[in-house]
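Notes to accompany the following structure.
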Amino acid sequence: MKLHSVTLHHIKMTLKTPFGNSLETVNDRELIIVEVRDDEGHTGFGEGVAFTSPWYTEETLKTSWHMLKDFMIPILKGQVLSHPSDVECLLKGIRRNPMAKYAIEGAIWDLYAKREGISLAEALGGTARRIKAGVAVGAAEPETMLNEISKRIEEGYERIKVKIKPSQDLSLIKAIRETHPSIDLMADANSAYTLNDIEKLKALDQYGLLMIEQPLAADDIVDHAILQKELATPVCLDESIASYDDARRALDLNSCRVINIKPGRVGGLSVSKKIHDLCAARSIPVWCGGMLESGIGRAHNIALSSLPNFTIPGDVSASSRYWERDIIVPEVTVENGSIAMPDGYGIGFELNREELERVTLTKETL
Ligand code: MG
C-alpha cells in the first residue's frame with residue numbers, strides 16, 4: 007500500500023459532563039482525526055489523543071500536529087508499505103512523540119485491514135468476540151462520585167475506576183466500599199503521591215482494590231518498585247510506560263503487577279501488541295486505558311482489547327458515556343457489561359461525516 011494523501015482534522019467535542027483528575031478538569035475535548043488515503047482510494051482513520059495542555063504527558067495537540075505535518079507525513083508519503091508495522095521502523099529516527107506516531111500508524115492499520123478485507127481486531131491477532139467494559143469516574147465532590155458510581159453499576163459496568171488525590175483518597179474509597187463491598191474497584195492517582203506517602207497508600211490495602219494506578223511520578227519506575235514491595239495492592243503503571251523498553255524495564259524491576267496499555271501513550275498499535283505479548287509471557291495482565299477518545303480512538307481501543315491478555319476490563323465505555331453524539335456510526339454501546347466486536351472491515355465503524363464536519367475547527371490535506 008502506498009500513501010497518496012493524509013488529511014488532519016482538528017476537532018473539538020464537548021463532554022456531556024466535565025471530567026476531572028488530580029491534574030486538570032476537561033470540559034471540551036480537542037483531538038486530531040487522521041484520515042489516510044492510498045493510491046487506490048481506500049481510506050483509514052486514526053486519532054491523535056494528546057491534550058491541549060502538557061499536564062498528562064509532554065505532548066500537546068499542537069506538538070502532535072507539528073510532528074505529523076512537518077516530519078512524519080513527509081517520511082511516510084509515497085512509501086510502499088507492506089505492513090503497518092513498517093511505520094514504527096520508518097519513524098524510529100523521531101524521538102518520542104508517541105501520540106503523534108500512533109495517530110498516523112493507527113490510521114494505516116485501519117487502511118491495511120480494510121484493504122485485506124478483515125477487521126482491525128483480526129489484523130492485530132485478536133480473538134475475543136466481546137470485551138468487558140469498564141468505566142472511569144472523574145474527580146468531583148464525594149457525593150457526586152458516589153451517585154455516578156451507582157448509576158454506572160446500574161448501566162452494567164463491572165469495573166469502576168475512580169480518580170484519587172491526597173486530599174480525597176481513603177475516605178472516598180471507604181465510602182464506596184460501604185455501598186459497594188464487592189464491585190471490582192480501582193483507583194487512579196495520576197502521579198499525585200511520593201514515597202513520603204507510603205503509609206497512606208498502605209492504608210488502601212484494606213479495601214481490596216483491583217489495583218492502584220500510577221501513584222508516583224510519571225517518569226518513574228524505580229520508586230514504584232520500592233512502593234510495590236510495601237503494598238499488597240497491585241501497582242499498575244500508566245504514564246511511566248511510554249515504550250516497549252519502559253515496559254520491559256518496569257517488569258524487570260518489579261515496579262508493577264499490571265500494565266495499562268494506551269496505544270497513544272506507547273506510540274502505536276504495533277508497540278501495544280509487543281507490550282501485550284511481553285506481559286503475557288511474564289504473566290502480567292493488561293488492560294486498555296482511555297484518553298477521552300472520540301469514536302475513532304474508541305474503535306481502535308476495542309480492536310486492541312480483543313487480544314487475549316487484555317483480561318481486565320479497560321476504560322473502554324459506550325460513546326454515550328462521554329458524548330451527546332459521536333462521530334462514528336453506529337455508536338459504541340455497552341450491553342450486559344460488555345461491548346461486541348464490530349463486524350465490518352478495519353475499525354468496523356463508519357465515520358459520521360456530517361458530525362465530523364460539525365465539530366471540525368480546521369483541517370489540512372497533505
Ligand atoms: Mg491513568
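In this note's numbering, the protein residues as written are 7 to 372. Even for Gly, the Cβ is constructed at its ideal location relative to N, Cα and C.
Check: DSSP three-state assignment for residue 83, whether helix, strand or coil; Outcome: coil
Check: Where residue 304 falls, given that 16 or more other Cβ within 10 Å makes a residue buried; Outcome: buried
Check: Spatially closest choice to residue 141 from 326, 354, 357, 18, by CA coordinates; Outcome: 326
Check: From 199, 187, 234, residue whose alpha carbon lies closest to that of residue 172; Outcome: 199
Check: Cβ neighbour criterion (16 or more within 10 Å) applied to residue 95; Outcome: exposed
Check: Selected residue, minimal CA-CA separation from residue 116, among 361, 371, 353, 364; Outcome: 353
Check: Residues that DSSP places opposite residue 190 in a beta bridge; Outcome: 165
Check: Closer than 7 Å: residue 194 CB and nearest ligand 1 heavy atom; Outcome: yes
Check: Residue 307 CB to nearest heavy atom of ligand 1 below 7 Å; Outcome: no
Check: Segments assigned alpha helix (DSSP H), at least 4 residues, entirely inside the stretch 313–355; Outcome: 325–328
Check: Residue 304 in three-state terms, based on DSSP; Outcome: helix
Check: Coil, strand or helix - residue 136 by DSSP; Outcome: strand
Check: Buried versus exposed, by CB contacts within 10 Å (16 or more), residue 12; Outcome: buried
Check: Alpha carbon of residue 260 to alpha carbon of residue 312, nearest angstrom; Outcome: 26 Å
Check: At least three beta-carbon pairs within less than 8 Å, the stretch 120–136 to the stretch 52–64; Outcome: no
Check: Three-pair Cβ contact test at 8 Å for the stretch 258–273 versus the stretch 231–245; Outcome: yes
Check: Per-residue DSSP class, three states only, for residue 142; Outcome: strand
Check: Coarse secondary structure for residue 3, derived from DSSP in three states; Outcome: Because the chain spans 7 through 372 in this model, residue 3 falls outside it and cannot be assessed.
Check: Cβ neighbour criterion (16 or more within 10 Å) applied to residue 32; Outcome: buried
Check: Supposed close pair residue 215, residue 193 - CB separation, criterion 8 Å; Outcome: 6 Å
Check: Closest residue to residue 111 among 188, 40, 84 (Cα-Cα distance); Outcome: 40
Check: Cβ-based burial, residue 226 [other Cβ within 10 Å; buried from 16]; Outcome: buried
Check: N- and C-terminal bounds of the beta strand (DSSP E) containing residue 43; Outcome: 31–44
Check: Exposed unless 16 or more other CB atoms sit within 10 angstroms - verdict on residue 104; Outcome: buried
Check: Per DSSP, cross-strand counterpart(s) of residue 19; Outcome: 35
Check: Exposed unless 16 or more other CB atoms sit within 10 angstroms - verdict on residue 287; Outcome: exposed
Check: Burial state of residue 3, where buried means 16 or more other Cβ atoms lie within 10 Å; Outcome: The structure shown does not extend to residue 3, since the chain is modelled only from 7 to 372, so the question has no answer here.
Check: Segment limits, alpha helix (DSSP H) that includes residue 185; Outcome: 176–185
Check: Outcome for residue 165 when other beta-carbon atoms lying within 10 angstroms are tallied against a minimum of 16; Outcome: buried
Check: Environment of residue 158 [buried if 16+ CB atoms lie within 10 Å]; Outcome: buried
Check: Inter-residue spacing [alpha-carbon to alpha-carbon] between residue 349 and residue 208; Outcome: 45 Å
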